[in-house]
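The number in our numbering is simply the position in the sequence shown, starting from 1, with 1177 added. Heads up, the beta-carbon is just placed ideally off N, CA and C, and yes, glycines get one too. A quick note: this is a predicted structure, and the numbers were derived from the prediction, not measured. Some notes on the structure that comes next.
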Amino acid sequence: MSSAPAYTSPPRPRRHFDYRTCIITDTPDGPHQFMPEQESQVMCRLCQVRLSSRPQKPERTLICQECKQPFTTTMRGTSLKYCGPTCRYRHDQKRKAEKYAAERVPDRATKVRGSIPTRMCAHPSCGAEFTPACKHAAFCSRECRDDVRRARERAKYIPVGTGNKPRKRQPARICDRAGCGTEFTPGNAKGRYCSPICRRQAWEARKKEIGL
């Protein structure tokens, strides 16, 4: 069973306007009549095509203020200074850098550098002598500072097996099983016994106390 065709609205009738006189009068035949296609149309198609084919504005040659290369343009006015957006962007960046350099406050480190005596680098394997930029500087370079910081962070963790993430080192404590008293380093914050044997014996003792 075939379905009914979809309904389509009939085309809107084209609106017709009365004949009017073209505003272009300097034609060989003089002013002439035409039928406009829309209400705002004031000249015929022939005059529109003829006016659009008129010669363009004359070109002029200017010198780019950034790259110092000549370029041609048909635009008028005195604000055209660059051959393209790239040169305009470069000139703006240079102007911003010059403005920042003129307004920049002298670095605090340059003021106090001369009054701080030289000292030895705090890195264990460096020991180089340097002039610190501030009174709190302890290392001669960023590499020495980062090396000591990484070693300090590694000392807080201990590896647990192959391929596992490092685990934070816990402080030493005393085994909680009665009669043991062994000092050990637990693997996590909940570790209470020094070995599985102590943990098993403590569990057996708790079962006897509760009567299991």
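Is residue i buried or exposed, if buried means 16 or more other CB atoms sit within 10 Å of its CB?
i: residue 1277; result: exposed
i: residue 1194; result: exposed
i: residue 1222; result: exposed
i: residue 1261; result: exposed
i: residue 1354; result: buried
i: residue 1371; result: buried
i: residue 1311; result: exposed
What is the DSSP secondary structure of residue i, reduced to helix, strand or coil?
i: residue 1247; result: strand
i: residue 1228; result: helix
i: residue 1210; result: strand
i: residue 1197; result: strand
i: residue 1239; result: strand
i: residue 1377; result: helix
i: residue 1360; result: strand
i: residue 1216; result: coil
i: residue 1350; result: strand
i: residue 1265; result: helix
i: residue 1372; result: coil
i: residue 1296; result: strand
i: residue 1339; result: Confidence is the limiting factor: at residue 1339 the pLDDT is only 49, short of 50, which leaves the residue's position unreliable, though a coordinate-based value still follows. The answer is coil: DSSP assigns residue 1339 none of H, G, I, E or B.
i: residue 1315; result: coil
Could you say which of the options lies nearest to residue i if we only look at CA atoms?
i: residue 1325; options: 1303, 1313 and 1309; result: 1303
i: residue 1295; options: 1279, 1301 and 1313; result: 1313
i: residue 1241; options: 1316, 1205, 1300 and 1263; result: 1263
i: residue 1202; options: 1228, 1331, 1301 and 1376; result: 1228
i: residue 1251; options: 1245, 1235 and 1257; result: 1235
i: residue 1218; options: 1206, 1207, 1199 and 1205; result: 1199
i: residue 1300; options: 1327, 1205 and 1311; result: 1327
i: residue 1211; options: 1204, 1197, 1350 and 1369; result: 1197
i: residue 1359; options: 1365, 1375, 1309 and 1367; result: 1375
i: residue 1352; options: 1306, 1330 and 1377; result: 1377
i: residue 1368; options: 1379, 1274, 1350 and 1385; result: 1350
i: residue 1224; options: 1215, 1254 and 1208; result: 1208
i: residue 1244; options: 1268, 1319, 1253 and 1308; result: 1268
Measure how close the beta-carbons of residue i and residue j come, nearest whole angstrom, since I'm counting them as under 8 Å.
i: residue 1298; j: residue 1321; result: 6 Å
i: residue 1347; j: residue 1363; result: 5 Å
i: residue 1237; j: residue 1249; result: 7 Å
i: residue 1247; j: residue 1239; result: 7 Å
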